[in-house]
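Novice:
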Amino acid sequence: MLATVPLVAILAVIFGKKIKKLSKQAQDASADSNTILQETLMGIKNVKSFTNEAFEIIRFNTTTESIKNLSIRGAIFRGLFAAFIIIGMFGAVTIVIWQGVNMTNTGELQMHDFIRFILFTIFLGASFGGISSMFGTIQKAIGATERLMDLLDDTNETQENETEFNHTLKGNVVFKDINFHYETRPDINVINNLNFEVKEGQTTAIVGPSGAGKSTISSLLLRFYEPTKGSILFDNIPSSDFNRRELRNQMAIVPQEVLLFGGTIEENIAYGNPKASFEEIENAAKQANAYDFITEFPEGFKTMVGDRGIQLSGGQKQRIAIATGSFEKSKNFNTG
Ligand SMILES: Nc1ncnc2c1ncn2[C@@H]1O[C@H](COP(=O)(O)OP(=O)(O)OP(=O)(O)O)[C@@H](O)[C@H]1O
Ligand SMILES: [Mg+2]
214 MLATVPLVAI LAVIFGKKIK KLSKQAQDAS ADSNTILQET LMGIKNVKSF TNEAFEIIRF
274 NTTTESIKNL SIRGAIFRGL FAAFIIIGMF GAVTIVIWQG VNMTNTGELQ MHDFIRFILF
334 TIFLGASFGG ISSMFGTIQK AIGATERLMD LLDDTNETQE NETEFNHTLK GNVVFKDINF
394 HYETRPDINV INNLNFEVKE GQTTAIVGPS GAGKSTISSL LLRFYEPTKG SILFDNIPSS
454 DFNRRELRNQ MAIVPQEVLL FGGTIEENIA YGNPKASFEE IENAAKQANA YDFITEFPEG
514 FKTMVGDRGI QLSGGQKQRI AIATGSFEKS KNFNTG
């Protein structure tokens with residue numbers, strides 16, 4: 214019986230690899246099909262205006278078909294693995310019985326010992342057989358979660374200087390010999406030897422062609438990325454001396470692409486300062502020229518936006534984003 218263990222191990226390696234690979238492919242295909250579904254439904258107006266319904270249906274069907282095929286192939290391999298194990302086990306049991314009968318015939322083995330041995334062997338065999346299906350399931354799960362594991366293994370934003378630094382920014386910014394490229398595109402230097410200085414209280418607009426790197430500059434200010442060369446100074450202190458939370462807390466941003474959260478208008482504006490009173494929220498809306506259109510809604514600031522509420526126009530969304538960003542105005546720092 215124990216001689217079947219190496220066989221089980223060899224089969225486990227061969228089938229395990231295959232099962233894991235197929236399960237990962239099925240998971241990837243499922244992600245693809247979900248992306249298609251999500252994009253098509255989000256952009257349903259685009260799909261319809263370009264009359265691409267048939268095209269999207271075919272695209273979705275193709276990926277769904279591939280999920281089905283990959284899943285079936287995975288199941289076949291798991292089934293084959295279990296079948297081989299069971300055949301191996303029963304084959305071994307048969308050989309053991311045959312040998313045992315021979316031994317009882319010659320009187321080498323007592324009948325009761327033989328029966329006991331058979332029972333124990335069947336217990337052992339059944340347990341081993343169970344391992345095969347468990348092993349198959351585990352390999353399937355490993356394959357399916359491989360991408361998730363990649364995400365979990367990703368490094369955090371380094372949380373250096375977690376101790377409070379407590380420096381209130383005045384608003385002096387220096388970009389010194391800044392070079393920067395995105396990690397995903399190391400061949401393209403987005404920012405090349407950039408030098409500039411902004412003084413406290415000064416309003417600076419950065420103008421340039423699309424793709425010139427303006428949004429990248431604001432990402433560098435917020436320390437979403439670190440420059441590949443050079444240094445950024447806030448009030449003459451290197452940006453790396455600040456703790457990221459502290460720095461971001463003192464900056465306001467109105468993003469280029471506005472994303473409102475499902476919730477009320479009030480909650481969305483308060484995102485810039487969750488402790489804001491209703492009066493402060495109203496003021497922020499007034500400053501951003503959003504007060505009038507908000508109060509025209511029957512439910513005013515309690516109007517739900519997003520999927521379950523009303524749809525705002527592009528400009529209305531932008532003005533809410535400006536109201537959200539206006540909270541940190543007092544802190545001398547705005548970017549966007
Ligand atoms: N996350 C990213 N990963 C890789 N490359 C990026 C990323 N974001 C931007 N880029 C690239 O960096 C360059 C600068 O982009 P950036 O968004 O800073 O331009 P921009 O000046 O803000 O343009 P626009 O006026 O159109 O908003 C572009 O070539 C863009 O393709
Ligand atoms: Mg931009």
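Quick note on our numbering: the sequence shown kicks off at 214 and runs consecutively. C-beta atoms are modelled at their ideal positions from N, C-alpha and C, and glycine is treated no differently.
1. Kindly give me the distance between the Cβ atoms of asparagine 449 and asparagine 502, rounded to whole angstroms, as I take these residues to be in contact under 8 Å.
2. Mapping DSSP to helix, strand and coil, what is alanine 465?
3. Please give me, in chain order, every unbroken run of the alpha helix (DSSP H) with length at least 4 that falls completely inside the segment 420-460.
4. Could you pull out every residue in the same chain whose Cβ sits closer than 7 Å to the Cβ of glycine 349, ignoring the five residues on either side in sequence?
5. Are the Cβ atoms of isoleucine 535 and isoleucine 507 separated by less than 8 Å?
6. DSSP beta-bridge partners for leucine 407?
7. Taking threonine 276 as the reference, give the member of Phe268, Phe228, Ser246 with the closest Cα.
8. Would DSSP call glycine 320 helix, strand or coil?
9. Does the distance between the C-beta of glutamine 531 and the nearest non-hydrogen atom of ligand 2 fall short of 7 Å?
10. Near ligand 2, which residues have their beta-carbon closer than 6 Å to a heavy atom?
11. For the candidate residues Gln415, Ile404, Met517, Leu433, whose alpha-carbon lies nearest to that of glycine 421?
12. With a cut-off of 8 Å, do at least 3 Cβ pairs link the segment 466-485 to the segment 520-534?
13. Would you check whether ligand 1 has a heavy atom nearer than 7 Å to the C-beta of serine 490?
14. DSSP three-state call for threonine 253: helix, strand or coil?
15. Could you tell me how far apart the beta carbons of proline 440 and phenylalanine 514 are, in whole angstroms, since I believe they sit closer than 8 Å?
16. When every heavy atom of ligand 1 is checked, does at least one fall within less than 7 Å of the C-beta of glycine 527?
17. Count the CB pairs spanning the segment 350-360 and the segment 226-244 that are closer than 8 Å, and state whether there are at least three.
18. What three-state label does DSSP hand glycine 342 in the structure shown?
19. My output table needs one value for valine 314: the three-state DSSP class, helix, strand or coil.
20. Determine which residues share a DSSP beta bridge with threonine 477 and list them.
21. Measuring only from the beta carbon, is valine 467 closer than 7 Å to any heavy atom that is part of ligand 1?
22. What are the boundary residues of the alpha helix (DSSP H) that threonine 537 is part of?
23. Applying the 10 Å Cβ sphere with the 16-neighbour rule, what's the burial state of alanine 497?
24. Return helix, strand or coil for threonine 217, following the three-state DSSP convention.
25. Keeping to the same chain, check which residues put their C-beta closer than 7 Å to that of phenylalanine 333; ignore five residues upstream and five downstream.
26. Taking the alpha carbon of asparagine 379 as the point to measure from, which residue in Asn456, Ser539, Asp400 has its own alpha carbon closest?
27. If you check the beta carbons only, do phenylalanine 540 and asparagine 486 fall under 8 Å apart?
28. By how many angstroms is the C-alpha of leucine 235 removed from the C-alpha of serine 284?
29. Compute the distance between the beta-carbons of arginine 314 and isoleucine 335, then report whether it is under 8 Å.
Specialist: So, from the data block:
1. That pair is no contact at about 36 Å.
2. For alanine 465, the three-state secondary structure derived from DSSP is strand.
3. Runs of the alpha helix (DSSP H) lying entirely within the segment 420-460, each at least 4 residues long, are 427-434 in chain order.
4. Non-local C-beta neighbours of glycine 349 in its own chain, meaning closer than 7 Å and more than five positions away in sequence, comprise Ile232, Arg291, Phe294, Ala295, ordered along the chain.
5. Not in contact: isoleucine 535 and isoleucine 507 (Cβ atoms no closer than 8 Å).
6. Leucine 407 has Ile391 as its beta-bridge partners, per DSSP.
7. Distance check between threonine 276 and each of Phe268, Phe228, Ser246 places Ser246 closest, using alpha-carbon atoms only.
8. In the structure shown, glycine 320 sits in coil (DSSP, three-state: anything other than H, G, I, E or B).
9. Of the heavy atoms belonging to ligand 2, none sits nearer than 7 Å to the Cβ of glutamine 531.
10. Near ligand 2, residues with a Cβ at less than 6 Å from any of the ligand's heavy atoms are Lys427, Ser428, Gln469; the list follows chain order.
11. Considering only Gln415, Ile404, Met517, Leu433, the residue with the shortest C-alpha distance to glycine 421 is Ile404.
12. Proximity of the segment 466-485 to the segment 520-534 meets the contact definition, three or more beta-carbon pairs being nearer than 8 Å.
13. For ligand 1, not one heavy atom lies less than 7 Å from the Cβ of serine 490.
14. If DSSP states are grouped into helix, strand and coil, threonine 253 belongs with the helices.
15. Going by Cβ atoms, the distance from proline 440 to phenylalanine 514 rounds to 41 Å, so no, they are not a contact pair.
16. Checking every heavy atom of ligand 1 against the Cβ of glycine 527, none is found closer than 7 Å.
17. Of all C-beta pairs linking the segment 350-360 to the segment 226-244, three or more are shorter than 8 Å, placing the two stretches in contact.
18. Three-state DSSP puts glycine 342 in a helix.
19. Helix, per DSSP.
20. Answer by DSSP bridge pairing, in chain order: Met517.
21. No, Cβ of valine 467 sits at least 7 Å from all heavy atoms of ligand 1.
22. Note, threonine 537: alpha helix (DSSP H), 527-538.
23. With 16 or more Cβ atoms within 10 Å of its Cβ, alanine 497 is classed as buried.
24. Threonine 217 falls in the helix class under three-state DSSP.
25. Hits under 7 Å: none found.
26. Ranked by how close their Cα comes to the Cα of asparagine 379, the residues Asn456, Ser539, Asp400 have Asn456 in first place.
27. A contact, by the Cβ cut-off of 8 Å.
28. About 7 Å.
29. According to the sequence provided, residue 314 is valine. The question's arginine does not apply to it. Result no, Cβ atoms of valine 314 and isoleucine 335 do not sit closer than 8 Å.
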